[in-house]
Structures are given as structure tokens and as C-alpha cells.
Amino acid sequence: MDDLFTTIETPTAKYEQPLGLFINNEFRKARSGRTFQTINPTTEKPIVSVQEADEQDVDDAVKAAQEAFNGSWQKVTPSDRGRMLTKLADLFERDSDILAAIESLDNGKAFTMAKIDVANAAGCLRYYGGWADKVHGQTIDTNPESLTYTRHEPIGVCGQIIPWNFPIMMWSWKIGPAIAVGNVVVIKTAEQTPLSGLYAAKLIKEAGFPPGVVNVISGFGSIAGAAISSHMDIDKVAFTGSTLVGRMVLQAAAKSNLKKVTLELGGKSPNIVFDDADIDNAISWANFGIFFNHGQCCCAGSRILVQEGIHDKFVARFKERAAQNKLGNPFDSSTFQGPQVSQLQFDRIMEYIDHGKNEGATVAVGGERHGTEGYFIQPTVFTDVHQDMKIAQEEIFGPVVTVQKFKDEAEAISIGNSTRYGLAAAVHTKNVNTAIRVSNALRAGTVWINNYNLINYQAPFGGFKESGIGRELGSYALENYTQIKTVHYQLGDALFA
Ligand code: NAI
Ligand code: MG
180 MDDLFTTIET
190 PTAKYEQPLG
200 LFINNEFRKA
210 RSGRTFQTIN
220 PTTEKPIVSV
230 QEADEQDVDD
240 AVKAAQEAFN
250 GSWQKVTPSD
260 RGRMLTKLAD
270 LFERDSDILA
280 AIESLDNGKA
290 FTMAKIDVAN
300 AAGCLRYYGG
310 WADKVHGQTI
320 DTNPESLTYT
330 RHEPIGVCGQ
340 IIPWNFPIMM
350 WSWKIGPAIA
360 VGNVVVIKTA
370 EQTPLSGLYA
380 AKLIKEAGFP
390 PGVVNVISGF
400 GSIAGAAISS
410 HMDIDKVAFT
420 GSTLVGRMVL
430 QAAAKSNLKK
440 VTLELGGKSP
450 NIVFDDADID
460 NAISWANFGI
470 FFNHGQCCCA
480 GSRILVQEGI
490 HDKFVARFKE
500 RAAQNKLGNP
510 FDSSTFQGPQ
520 VSQLQFDRIM
530 EYIDHGKNEG
540 ATVAVGGERH
550 GTEGYFIQPT
560 VFTDVHQDMK
570 IAQEEIFGPV
580 VTVQKFKDEA
590 EAISIGNSTR
600 YGLAAAVHTK
610 NVNTAIRVSN
620 ALRAGTVWIN
630 NYNLINYQAP
640 FGGFKESGIG
650 RELGSYALEN
660 YTQIKTVHYQ
670 LGDALFA
């Protein structure tokens with residue numbers, strides 16, 4: 180195996196995997212010479228080692244980005260930026276079997292689901308390619324002596340730190356809006372899943388981006404991530420991950436150069452089912468809401484609240500439904516749930532399950548490891564849950580859901596809003612008035628009515644309360660990647676001669 184490339188064979192694709200840090204459109208070694216292994220969570224065995232960035236490599240990437248921002252990138256028209264993004268989207272689609280295979284290998288998600296992630300990533304890049312030449316300011320009529328107008332200018336060098344739960348989607352959600360409006364990027368992938376971001380870096384070059392516009396580095400949060408959030412020449416940082424680290428990123432920004440910060444953090448989202456809901460529909464969405472992506476979704480519907488009239492019937496049927504989810508090898512086409520991403524996440528989740536048992540909640544389904552190899556956890560449903568229990572307050576980020584009973588609308592809203600988080604929520608009812616009233620009262624950035632987990636890149640996504648700052652996706656994301664300049668041009672005589 181070369182230090183910078185190796186051939187990988189998966190059940191669905193054989194391809195050339197880059198292993199280096201992608202800086203200035205070249206893959207290169209880390210300055211320290213250090214590498215780290217990435218693990219296949221299905222087998223618990225190492226896949227390959229990739230180069231590990233530290234502060235010096237972050238510096239190099241920032242310098243490359245600055246040079247591009249002040250040089251070659253200035254000469255590229257907005258339409259051509261759009262053309263590069265749409266070309267990148269085409270390349271994602273051309274290589275979608277490879278990208279999806281990498282996700283299944285490195286993250287453990289089902290290949291069928293990974294294909295949807297890649298399609299979403301490509302769609303998102305193309306969507307922002309469309310925006311590239313449609314972002315502009317206003318002319319403002321102030322007085323007859325002046326021409327006043329605004330420009331929506333790029334912020335500059337954007338540091339982007341992404342998690343492991345949707346590696347290629349997070350890469351695209353971050354890069355799409357940043358590049359569309361003329362920024363340059365240093366993106367750090369998660370240490371658990373570095374491979375798809377590096378493969379996509381290869382496509383950056385093929386799509387025709389000038390060197391230094393997009394730099395992709397692999398490395399650990401406490402070293403490379405911290406170097407990004409405290410860097411004096413990074414103008415903006417966008418972070419997706421835990422609330423704990425989100426706070427650290429915000430502090431580092433405050434202590435360094437007050438770089439602009441957007442955060443997309445955790446959640447403990449309520450999924451509220453009223454007596455009059457279509458129960459089959461509610462059960463399907465509740466199941467998908469928590470068990471999709473093995474529960475590793477920031478917006479997972481991890482607290483199901485059911486009205487007392489249908490509570491027992493719902494629980495009986497939901498238990499059956501949860502037990503039917505097929506766990507297994509991600510490359511098996513019938514698999515719905517693969518392993519958790521890492522030993523650490525597996526341990527954290529099993530600890531929460533033990534907590535739930537010790538706090539007096541009832542394990543209605545699951546509650547144990549699945550099999551003997553790989554980080555698999557049984558779909559787990561807790562009943563007899565009280566809102567003050569740890570399992571009802573903290574993000575578990577695994578295939579674990581709590582079910583609570585409520586009396587009326589007021590109680591549903593009160594329980595729904597009683598965590599630190601405010602990322603998402605859902606309401607299941609056939610009564611339109613109830614649906615709208617309750618969705619208005621829920622303190623969450625996204626509310627789903629009679630569905631769950633549906634995210635479109637055309638619509639904004641982000642959190643109330645401690646779930647984050649700013650919005651990703653849609654036209655709203657562009658606001659986080661531009662700054663407004665007001666220009667006053669003197670036309671007539673000076674007012675204060
Ligand atoms: P994390 O927040 O540590 O990792 C996310 C990203 O932040 C990774 O790229 C990591 O390298 C980076 N990072 C870590 N420490 C950093 C630091 N000091 N400065 C800058 N960057 C840093 O999350 P982790 O440990 O992987 O997962 C822990 C919990 O976080 C999960 O159980 C879940 O509750 C939550 N989480 C939420 C996600 C979301 O989509 N909102 C995604 C991943 C995790
Ligand atoms: Mg891995």
C-alpha cells in the first residue's frame with residue numbers, strides 16, 4: 180500500500196482510496212508523519228490508515244485557502260462557481276456506488292440507505308450550484324445626492340467541522356452553500372469516517388476547482404478541530420456535532436478572532452401521537468423516526484409521547500414493529516440497521532440502556548447487544564418513563580427510544596418542550612387545528628406533521644435553544660456564508676461643504 184493511495188474492494192465496488200491530506204488540490208502527507216486507523220464497525224477491524232492533520236497542516240490548508248481567496252478564486256465568475264458545483268454533483272452521481280460503498284464500509288450504514296445519502300449530497304451540491312449567480316444585494320434610495328447599494332460578499336476562509344453520522348451528506352451541506360457564494364473552505368472530517376470526504380476531494384479537482392478553494396483534512400477533534408476553531412485567519416467556523424464540543428468551538432472563536440460561528444448540535448426530539456392519529460402511519464414514522472441510521476441522527480424522534488386513549492394499543496403494536504427491523508451486514512440488501520459507528524458510541528449507548536434499567540423504566544423491546552461481532556445494538560424501547568429520567572433528557576444517539584403517556588394537548592406541549600434541546604418535533608393527528616396549534620407551540624427548528632425525518636435541501640434546518648445557532652440548507656444557509664457591505668456613492672454636491 181502506498182502512503183497516499185490504496186485500492187479498496189467492497190462487496191459493491193473496487194476503487195482507489197486517497198489517504199492523504201487534500202491541500203491545494205494535492206494529496207500529501209501530514210507534516211508530523213502521523214497517521215491513524217479507521218475501523219470498519221461491522222467487523223471491528225481496521226480498514227486503512229489515513230494521514231493525520233495537526234496544527235501545522237491546518238496552517239498550511241488555511242494559507243492555501245487564503246491564497247486562492249485573494250487570487251484565482253476572485254477571477255471565477257459566480258456562474259462558473261455554479262458550473263463547478265453542478266459538475267461536482269454530476270461526478271457524485273457517476274460515482275454513487277463507490278461513495279455509498281465507502282459510507283457502508285467506514286460508517287456501517289446500510290448500502291441502500293447510503294445510496295440515498297449520496298443522492299441527497301449530489302442534489303444539495305447542484306441546488307447550491309443553482310444559487311451561485313442569484314445572490315445579490317439591493318439598491319437603496321436614501322437621498323438624491325447618493326447612490327447607496329449593498330453587496331453580499333463572501334466571508335473568506337471557512338473552517339468546517341463535520342461528524343460521522345452522515346459523512347458525505349454533511350460534507351456537501353457544508354461545502355455547497357460556502358462555495359456557492361464565493362468562500363474558500365478547510366473542512367475536517369470526523370476521525371471515525373475520513374474516507375468518503377477524501378474520495379470526494381479527488382472529485383473536487385476533477386470538477387475544475389482552482390487549487391486551495393476546497394481543502395479536506397482528516398484528523399482528531401482535540402487537535403485539528405481545535406486548531407480550526409481557534410485559528411486567527413479562519414473567518415467563519417461551521418460545526419455539526421455534540422453540544423459539548425459546540426460550546427468549545429464557540430468559546431474558541433470568542434477567545435481568538437471572533438470568527439462567525441454556526442452550530443448544528445444535538446436533540447431530544449418529541450414525537451407526539453394523539454388519540455385521533457392514523458395509528459398505522461404513526462407507528463411507521465415513529466419507527467423510522469428513531470431507528471433510521473441506527474438512531475444516530477441529531478433530529479431522531481427519541482421521545483415518543485402517546486395520548487392515553489391509544490397508549491397501550493400503540494405500545495403493543497410499536498414493540499412488534501421495532502422487533503421486525505432487520506439488523507445485519509450493511510451490504511446485505513435487506514438490512515435496515517447496521518452497527519453503531521464505534522466502540523465508544525456502542526459503550527455510551529449501552530451505558531444509557533443500563534441507566535434506564537436502573538432508573539426503573541421498563542425495557543419493552545431489546546436492551547442488549549445484537550450478535551457477537553460488530554457494534555450492533557438491538558432496537559430498544561423503554562416504557563414507564565418519566566420526564567426527569569436521564570434517558571428522557573439526554574441525547575443517546577443510538578437505537579433507543581422512550582415512550583411516555585400524556586393526557587391532553589397542554590401536557591403534550593409541556594413534556595415536548597421540557598428538555599434543553601429544540602432541534603425537531605413531530606405531531607401525529609387527523610385534526611388540522613390540533614396539528615397547527617401544537618406545531619406552533621413546540622420550541623423546535625423543524626416540526627413534522629404526520630411524518631418524520633423528512634429533510635429537503637431546499638428547506639432550512641437547525642435548532643432552537645441548545646440545539647444550535649444558525650440554519651443550514653435552503654436559501655437561509657447562504658446568509659451564514661455572506662456578509663453585507665453597504666456602499667454610499669456621492670453623486671451630487673457634498674452635504675457638509
Ligand atoms: P463530537 O462533537 O466530539 O464530534 C463531532 C466533530 O467535532 C468531529 O469532527 C470531531 O473531530 C470534532 N471535534 C471534537 N472535539 C473537538 C474540539 N475540541 N474542537 C473542535 N472540533 C472537535 O461528537 P462525538 O464524540 O463523535 O459524538 C458524541 C455525541 O455527540 C453523540 O453521542 C451525539 O450525541 C452527538 N453528535 C451529534 C451529531 C449531530 O448530528 N448533531 C453528530 C455526531 C455526534
Ligand atoms: Mg470508520
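Take 180 as the starting number for the sequence shown in the numbering used here and just add one per residue. The beta carbon of each residue, even a glycine, is placed where N, CA and C say it ideally should be.
Problem set entry | Local Cβ density within 10 Å of Met411, reported as buried at 16 or more and exposed below that | exposed
Exercise. Does the distance from the CB of Tyr660 to the CB of Ala359 come in under 9 Å?
Worked result: yes
Exercise. Between Cys337, Tyr194, Gly545 and Thr221, which lies nearest to Ser275 when the distance is taken from Cα to Cα?
Worked result: Tyr194
Exercise. Hey, quick one: how far does the alpha helix (DSSP H) through Cys303 stretch, first residue to last?
Worked result: Phe290 to Trp310
Exercise. Span of the beta strand (DSSP E) holding Trp627?
Worked result: Thr625 to Ile628
Exercise. How close, in whole Å, do the beta carbons of Phe290 and Thr191 come, if the pair is a contact with beta carbons under 8 Å?
Worked result: 6 Å
Exercise. How about Val395: is its Cβ closer than 8 Å to a heavy atom in the ligand MG?
Worked result: no
Exercise. In the structure shown, what three-state DSSP assignment does Ile413 receive?
Worked result: coil
For this session: May I ask you to list the residues that DSSP assigns as paired with His667?
Result: Thr327
For this session: Could you tell me which residues DSSP pairs with Tyr600 in its beta bridges?
Result: Lys644
For this session: Please determine if the stretch 402-411 and the stretch 319-326 are in contact, where contact requires at least 3 C-beta pairs separated by less than 8 Å.
Result: no
For this session: May I ask you to verify whether the stretch 554-563 touches the stretch 610-624, counting CB pairs closer than 8 Å and requiring at least 3?
Result: no
Problem set entry | Span separating the alpha-carbon of Thr256 from that of Asn635 | 27 Å
For this session: On a CA-only basis, which of Asn472, Lys439 and Gln486 is nearest Ala461? Give me that one, please.
Result: Gln486
Exercise. Can you tell me whether DSSP reads Thr189 as helix, strand or coil?
Worked result: coil
For this session: Could you tell me which uninterrupted alpha helix (DSSP H) segments, each at least 4 residues in length, are contained entirely in the stretch 364-395, listed from first to last along the chain?
Result: 374-385
For this session: Could you tell me how far apart the beta carbons of Glu231 and Ala209 are, in whole angstroms, since I believe they sit closer than 8 Å?
Result: 5 Å
Exercise. Considering only residues of the same chain and omitting the five flanking positions on each side of Ser211, which have a CB-CB separation below 6 Å?
Worked result: Asp233
For this session: Please state whether DSSP places Ser593 in a helix, a strand or coil.
Result: helix
Exercise. For the ligand NAI, is there a heavy atom less than 8 Å away from the beta-carbon of Arg527?
Worked result: yes
Problem set entry | Assigned exposure category for Ile295 - 16 Cβ within 10 Å defines buried | exposed
Problem set entry | Contacts around Thr608, its chain only, beta-carbon distance under 6 Å, and the 5 residues preceding and following it disregarded | Phe453, Asp455, Ala456 and Ala614
Exercise. What alpha helix (DSSP H) runs, 4 residues minimum, are completely inside the stretch 526-609?
Worked result: 569-572 and 588-595
Exercise. Where do the N-terminal and C-terminal ends of the alpha helix (DSSP H) with Phe493 fall, by residue?
Worked result: His490 to Gln503
For this session: Within 10 angstroms of the Cβ of Ala501, are there 16 or more other Cβ atoms? Answer buried if so, exposed if not.
Result: buried
Exercise. In chain order, what residues of the same chain lie with their CB nearer than 7 Å to the CB of Arg260, ignoring the 5 residues before and after it?
Worked result: Ala311, Ile358, Ala359 and Gly361
Problem set entry | Under the three-state DSSP convention, the category Ile340 falls into | strand
Problem set entry | Member of Ala431, Asp238, Gly425 and Tyr328 whose CA lies at the smallest distance from the CA of His667 | Tyr328
Exercise. CA-CA distance, Val336 and Pro390?
Worked result: 14 Å
Problem set entry | Range covered by the alpha helix (DSSP H) that runs through Phe271 | Pro257 to Arg273
Exercise. Where does Gln151 sit, in a helix, a strand or coil, going by DSSP?
Worked result: The question about residue 151 has no answer, for the chain in this structure spans 180 to 676.
Exercise. Where do the ends of the alpha helix (DSSP H) carrying Glu246 lie?
Worked result: Glu234 to Asn249
Exercise. Who are Ser228's beta bridge partners in DSSP?
Worked result: Gln216
For this session: Using three-state DSSP, classify Pro356 as helix, strand or coil.
Result: helix
Exercise. How many Å lie between Ile186 and Gly577 at the Cα?
Worked result: The sequence given here places Thr at residue 186; Ile does not occur at that position. One C-alpha to the other measures close to 32 Å.
Exercise. Taking C-alpha atoms, which residue in Glu205, Glu223, Asn436 and Ile202 lies nearest to Leu523?
Worked result: Glu223
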